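S.K.: Chains as they are written, first to last, in the numbering used here: chain A, 1 to 129; chain B, 1 to 487. My questions will all concern the structure given below.
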Amino acid sequence: MSSVPKALKYSKTHEWVREEDDTVIIGITDHAQTMLGDLVYVELPELEFSFEMGQECAVIESVKAAADIYCPISGEVVEINELLLDNPQLINEDPYGKGWLLRLRPFENDFKELLTAEQYTKLVASEAH
Amino acid sequence: MLIFEQSQKGRSARAQLPREITAELDIPAHLLRQDEPLLPEVSELQVVRHYTRLSRKNFSIDTQFYPLGSCTMKYNPRGVHRLAFLEGFLNHHPLSLETQSQGFMACAYELQEILKNVTGMKGVSLTPMAGAQGEFAGVAMIRAYHESRGDTARTEILVPDAAHGTNPASAVQCGYKVREIPTGIDGNVDIEALRAAVGPQTAGIMLTNPSTLGVFEQKIQEIAKIVHQAGGLLYYDGANLNAILGKVRPGDMGFDVMHINLHKTFATPHGGGGPGGGPVAVSERLVPFLPMPIVAKSGDFYRWLTEADCPQTIGRLSSFMGNAGIILRAYMYARLLGAEGMHRVAEFATLNANYLLARLKAAGFTPAYPTRRASHEFIITLKQEAKELHISALDVAKRLLDYDFHAPTMYFPLLVPECLLIEPTETESKEALDAFADAMIKVLDEAKANPELLKNAPHHLPVRRLDEVKAARELDLVYDPERSHSL
Numbered sequence: 001m002s003s004v005p006k007a008l009k010y011s012k013t014h015e016w017v018r019e020e021d022d023t024v025i026i027g028i029t030d031h032a033q034t035m036l037g038d039l040v041y042v043e044l045p046e047l048e049f050s051f052e053m054g055q056e057c058a059v060i061e062s063v064k065a066a067a068d069i070y071c072p073i074s075g076e077v078v079e080i081n082e083l084l085l086d087n088p089q090l091i092n093e094d095p096y097g098k099g100w101l102l103r104l105r106p107f108e109n110d111f112k113e114l115l116t117a118e119q120y121t122k123l124v125a126s127e128a129h
Numbered sequence: 001m002l003i004f005e006q007s008q009k010g011r012s013a014r015a016q017l018p019r020e021i022t023a024e025l026d027i028p029a030h031l032l033r034q035d036e037p038l039l040p041e042v043s044e045l046q047v048v049r050h051y052t053r054l055s056r057k058n059f060s061i062d063t064q065f066y067p068l069g070s071c072t073m074k075y076n077p078r079g080v081h082r083l084a085f086l087e088g089f090l091n092h093h094p095l096s097l098e099t100q101s102q103g104f105m106a107c108a109y110e111l112q113e114i115l116k117n118v119t120g121m122k123g124v125s126l127t128p129m130a131g132a133q134g135e136f137a138g139v140a141m142i143r144a145y146h147e148s149r150g151d152t153a154r155t156e157i158l159v160p161d162a163a164h165g166t167n168p169a170s171a172v173q174c175g176y177k178v179r180e181i182p183t184g185i186d187g188n189v190d191i192e193a194l195r196a197a198v199g200p201q202t203a204g205i206m207l208t209n210p211s212t213l214g215v216f217e218q219k220i221q222e223i224a225k226i227v228h229q230a231g232g233l234l235y236y237d238g239a240n241l242n243a244i245l246g247k248v249r250p251g252d253m254g255f256d257v258m259h260i261n262l263h264k265t266f267a268t269p270h271g272g273g274g275p276g277g278g279p280v281a282v283s284e285r286l287v288p289f290l291p292m293p294i295v296a297k298s299g300d301f302y303r304w305l306t307e308a309d310c311p312q313t314i315g316r317l318s319s320f321m322g323n324a325g326i327i328l329r330a331y332m333y334a335r336l337l338g339a340e341g342m343h344r345v346a347e348f349a350t351l352n353a354n355y356l357l358a359r360l361k362a363a364g365f366t367p368a369y370p371t372r373r374a375s376h377e378f379i380i381t382l383k384q385e386a387k388e389l390h391i392s393a394l395d396v397a398k399r400l401l402d403y404d405f406h407a408p409t410m411y412f413p414l415l416v417p418e419c420l421l422i423e424p425t426e427t428e429s430k431e432a433l434d435a436f437a438d439a440m441i442k443v444l445d446e447a448k449a450n451p452e453l454l455k456n457a458p459h460h461l462p463v464r465r466l467d468e469v470k471a472a473r474e475l476d477l478v479y480d481p482e483r484s485h486s487l
């Protein structure tokens, strides 16, 4: 069973969100990285780019597939995890830590739309048909 | 060992030496290279041995069963190669006059007519050089059609989540946004989700039928109606045409435009990723937009249609008539089969897939869509085995190589976990199918008794398990003598 930290919020498209002061950090879940397999490439947006909730904000590619990352909340990019560009496997090794993707300054409080750890765990279980 | 690494200064082979050029070259001096090209200096025998050895390492349709799902790796008949190698075709220059090109043009014209017939479409252009280029041409025609009517608000192409990756890519290349439509648990497109997604912004939908899930899209007419009523067009991805050839026609299902992979359905070689053939076929309303050139027939004379005849064409995709040698092979294959033979292609492709599915199911493998009959291919999911035995689809695929079978397609379509997509094609004998099923069963037994055997496979090939991550991240494709010497 993949890990789903209680303190984080989740999207239906398998991204996680962590609040840190007035910004949020975004990454993909342990379940998502397991499904994708070994990552070989990550494309991150430029700083100051703005995204709507649900808009594609990054691309990751594994030995199996390429996948879009959908921005789980709306906001402006204030930092990207440049380490990933040379070491995409950090997402496999530590999806909730060193494998974070970007830091956003959120436009509005749309956190209500996100799932709790419990809800996300249920979602993953229901998708495993 | 690379052939470059066998190089000895001054050694040469003269067999293939080009004729020395004596004429004055009309190329400015600053554009001529000054240094010698880097070529391996080896003897003729070294060259022969090197490439013969390499060729013996090939895994190919000529040597092994190759059930690569969605790729239709059928036998490439030798007779059609021989015909395509006739002097008159081989030495024919594409800029020859029409009067000197009637033979090739007759073949191309007749292939256009055959493809129209077998797809139920009204117009065909043979020029696209591969499936992806055919898709590009098809979506470009959808765009040209909407624009010709001043209908420029259509910005979206709908693509089911089971689609080939090329579909969304082609839509984006033509400037469209892609909207994904989910698949229901029965493998059909989710009709309610489709209904909710169509609107005045819908330019069209791209569908493969049978889908990449190896099942026939049962609600195709309803889908056609929903998309047409919204003003969109239907694109048929011909990748899986082998399943329905001569049986059901995309034109009759309501499709407006499609491509045909000649290197799949019409048995031309896949060799080395090409040369391919991706003709496009269209319904009445898209005929004016077909890419050039097309062969027309006036009385007994064949002539090229150009931009002057078809001012609304999307243009040209290659300098001449696509991959002419591939067009010839496909034409001869179609003529050898005849209309009746095409039915049998679909019948035996489907029969072979269903036979293999039945055998694997009986042996304990899990079909991804157990309630559905397979089309020309089917999906096995190893999800259960992954959980219980800690082996993956990749491990099974690699172990199959040890038993001298090419692995099926793995991890596609993406929505089925730990899947193998298996397509035997119509050209395999029952014995070949049985041998493959036996090997699959043996591998499953091994997975239970000794999973390590799978995890470390292949054991009997020239190379062991390759590091896919390293291969993708540290490309090493260009020979560098400096580095090689330092090794």
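For each residue, glycine too, the CB sits at the ideal point set by N, CA and C. Source: prediction; values computed, not measured.
Kindly indicate which three-state DSSP category Cys107/B falls into: helix, strand or coil?
M.R.: Sequence index remark: in the second sequence, residue 107/B carries index 107 (1-based). If DSSP states are grouped into helix, strand and coil, Cys107/B belongs with the helices.
S.K.: Check Met292/B in the structure and name its three-state DSSP category.
M.R.: Start at 1 with the first residue of the second sequence, and residue 292/B comes out as number 292. Here Met292/B sits in strand by DSSP.
S.K.: Buried or exposed for Ala23/B, going by 16 or more other Cβ atoms inside 10 Å?
M.R.: Here the question's residue 23/B lines up with position 23 in the second sequence. Label assigned to Ala23/B: exposed.
S.K.: Can you tell me where the alpha helix (DSSP H) with Pro160/B in it begins and where it stops?
M.R.: In the second sequence, residue 160/B corresponds to position 160, counting from 1. Per DSSP, Pro160/B lies in no alpha helix (DSSP H); the unbroken beta strand (DSSP E) holding it starts and ends at 156–160.
S.K.: DSSP three-state label for Leu487/B, please.
M.R.: Numbered from 1 along the second sequence, position 487 holds the residue referred to as residue 487/B. Residue confidence is low: Leu487/B scores 44 on pLDDT, short of 50, so the model does not pin down where it sits. No coordinate-derived value is stated.
S.K.: List the residues of chain B that Lys64/A touches, going by C-beta distances under 7 Å, in chain order.
M.R.: Position 64 of the first sequence holds residue 64/A. The answer, in chain order, is Tyr411.
S.K.: For the candidate residues Asn87/A, Glu118/A, Asp94/A, Arg105/A, whose alpha-carbon lies nearest to that of Lys470/B?
M.R.: Locating residue 470/B in the second sequence gives position 470, where the first residue counts as 1. Answer by Cα proximity: Asn87/A.
S.K.: What are the boundary residues of the alpha helix (DSSP H) that Gly251/B is part of?
M.R.: Here residue 251/B refers to the residue found at position 251 of the second sequence. Here the alpha helix (DSSP H) through Gly251/B covers 250–253.
S.K.: To which residues of the same chain is Ala197/B closer than 7 Å at the C-beta, ignoring the five residues directly before and after it?
M.R.: Indexing the second sequence from 1 puts residue 197/B at position 197. Taking C-beta separations shorter than 7 Å and ignoring five residues to either side along the sequence, the partners of Ala197/B in its chain run Leu158, Arg179, Ile181, following chain order.
S.K.: Contact criterion: CB-CB distance below 8 Å. Does Ala472/B meet it with respect to chain A?
M.R.: Position 472 of the second sequence, counted from the start, is the residue given in the question as residue 472/B. It does: the Cβ of Ala472/B has a partner Cβ on chain A nearer than 8 Å.
S.K.: Contact between the segment 283–297 of chain B and the segment 101–112 of chain B is defined here as three or more beta-carbon pairs at a separation below 8 Å; is this criterion met?
M.R.: yes
S.K.: Should Thr13/A be flagged as near chain B, meaning a C-beta pair shorter than 8 Å?
M.R.: Translated into positions along the first sequence, residue 13/A becomes position 13. No, because no Cβ of chain B sits closer than 8 Å to the Cβ of Thr13/A.
S.K.: For Pro106/A, report the span of its beta strand (DSSP E) as first-last.
M.R.: Residue 106/A sits at position 106 when you count from the first residue of the first sequence. Counting along the chain, the beta strand (DSSP E) containing Pro106/A begins and ends at 102–106.
S.K.: Taking CB distances under 8 Å as the criterion, tell me whether Val40/A reaches chain B.
M.R.: In the first sequence, residue 40/A corresponds to position 40, counting from 1. Cβ-Cβ to chain B under 8 Å: yes for Val40/A.
S.K.: Considering Ser101/B, what are the terminal residues of the beta strand (DSSP E) in which it resides?
M.R.: In the second sequence, the residue the question calls residue 101/B occupies position 101. Premise fails: Ser101/B is in no beta strand (DSSP E) and is neither H nor E.
S.K.: Note down, in chain order, each residue of its chain lying with its Cβ closer than 8 Å to the Cβ of Lys219/B, except the 5 sequence neighbours on either side.
M.R.: By one-based count along the second sequence, residue 219/B stands at place 219. Answer for Lys219/B: Asn188, Val189, Ile191, listed in chain order.
S.K.: For Arg483/B, count neighbouring Cβ atoms within 10 angstroms of its own Cβ and tell me buried if that reaches 16, exposed if not.
M.R.: Mapped onto the second sequence, residue 483/B falls at position 483. Exposed, because fewer than 16 other Cβ atoms sit within 10 Å of the Cβ of Arg483/B.
S.K.: My assumption, with CB atoms under 8 Å, is that Leu444/B sits in contact with Ala363/B. Please give the rounded CB distance.
M.R.: In the second sequence, counting from the first residue as 1, residue 444/B sits at position 444. In the second sequence, counting from the first residue as 1, residue 363/B sits at position 363. That pair is a contact at about 7 Å.
S.K.: Drop a sphere of 10 angstroms on the beta-carbon of Glu385/B, count the other beta-carbons inside from all chains shown, and report buried for 16 or more, exposed for fewer.
M.R.: For the purposes of this step, residue 385/B is taken as residue 385 along the second sequence, with counting starting at 1. Around the Cβ of Glu385/B, a 10 Å sphere holds 16 or more other Cβ atoms; the residue is buried.
S.K.: Quick check: the Cα distance between Leu31/B and Leu317/B, rounded to an integer number of angstroms?
M.R.: The residue labelled residue 31/B in the question sits at position 31 within the second sequence. The residue labelled residue 317/B in the question sits at position 317 within the second sequence. Taking the straight line from one Cα to the other gives about 29 Å.
S.K.: According to a CB-to-CB cut-off of less than 7 Å, which residues of the segment 346–361 of chain B neighbour chain A?
M.R.: none
S.K.: Going along chain A in order, which residues have a C-beta closer than 7 Å to the C-beta of Leu414/B?
M.R.: Along the second sequence, read from residue 1 onward, the residue named residue 414/B stands at position 414. Residues of chain A passing the Cβ test: Ala65.
S.K.: Rounded to whole angstroms, how far is the Cβ of Ile69/A from the Cβ of Glu56/A, which I believe are closer than 8 Å?
M.R.: Within the first sequence, the letter at position 69 stands for residue 69/A. Within the first sequence, the letter at position 56 stands for residue 56/A. Sure, about 7 Å apart at Cβ, within 8 Å.
S.K.: Give me the Cα-Cα distance between Val291/B and Ala137/B, rounded to the nearest whole angstrom.
M.R.: Within the second sequence, numbered from 1, the residue matching residue 291/B stands at position 291. Within the second sequence, numbered from 1, the residue matching residue 137/B stands at position 137. One detail in the question is off: residue 291/B reads as Pro in this sequence, not Val. Straight-line Cα distance between these residues: approximately 7 Å.
S.K.: Does the beta-carbon of Pro269/B, which I'm using as the reference point, lie nearer than 7 Å to any heavy atom of the ligand FMN?
M.R.: Ligands displayed in this structure: none; no statement on the ligand FMN is therefore possible.
S.K.: Quick one: using the 10 Å Cβ neighbour count with 16 as the cut-off for buried, is Arg103/A buried or exposed?
M.R.: Here residue 103/A refers to the residue found at position 103 when the first sequence is read from its first residue. With 16 or more Cβ atoms within 10 Å of its Cβ, Arg103/A is classed as buried.
S.K.: Between the segment 446–476 of chain B and chain A, which residues of the former have a C-beta closer than 7 Å to a C-beta of the latter?
M.R.: Glu468, Val469, Ala472, Arg473
S.K.: Should His263/B and Gly276/B be called a contact, given that it needs their Cβ atoms to be closer than 8 Å?
M.R.: By one-based count along the second sequence, residue 263/B stands at place 263. By one-based count along the second sequence, residue 276/B stands at place 276. The answer is yes: Cβ separation under 8 Å.
S.K.: So Leu207/B packs on Pro269/B, CB below 8 Å; how close in whole Å?
M.R.: Looking up residue 207/B in the second sequence gives position 207. Looking up residue 269/B in the second sequence gives position 269. With a Cβ gap of about 27 Å, Leu207/B and Pro269/B do not count as contacting.
S.K.: I believe Pro77/B touches Ala267/B by the beta-carbon criterion, under 8 Å. Please report the beta-carbon distance rounded to the nearest angstrom.
M.R.: Translated into the one-based positions of the second sequence, residue 77/B becomes position 77. Translated into the one-based positions of the second sequence, residue 267/B becomes position 267. Indeed, because the Cβ distance is near 6 Å, the residues count as touching under 8 Å.
S.K.: Taking only three categories from DSSP, how would you classify Met440/B?
M.R.: For the purposes of this step, residue 440/B is taken as the residue at position 440 of the second sequence. Helix, per DSSP.
S.K.: Taking CB distances under 8 Å as the criterion, tell me whether His30/B reaches chain E.
M.R.: Among the protein chains in the structure shown, which are A and B, there is no chain E.
S.K.: Along the chain, where does the alpha helix (DSSP H) that runs through Arg143/B open and close?
M.R.: Locating residue 143/B in the second sequence gives position 143, where the first residue counts as 1. That run of the alpha helix (DSSP H) goes 131–148.
S.K.: Leu213/B to Leu39/B, Cα distance in whole Å?
M.R.: Within the second sequence, the letter at position 213 stands for residue 213/B. Within the second sequence, the letter at position 39 stands for residue 39/B. Between Leu213/B and Leu39/B, the C-alpha separation is close to 47 Å.
S.K.: Are the Cβ atoms of Pro67/B and Pro413/B separated by less than 8 Å?
M.R.: On the second sequence, position 67 is the one that residue 67/B refers to. On the second sequence, position 413 is the one that residue 413/B refers to. Contact: no.
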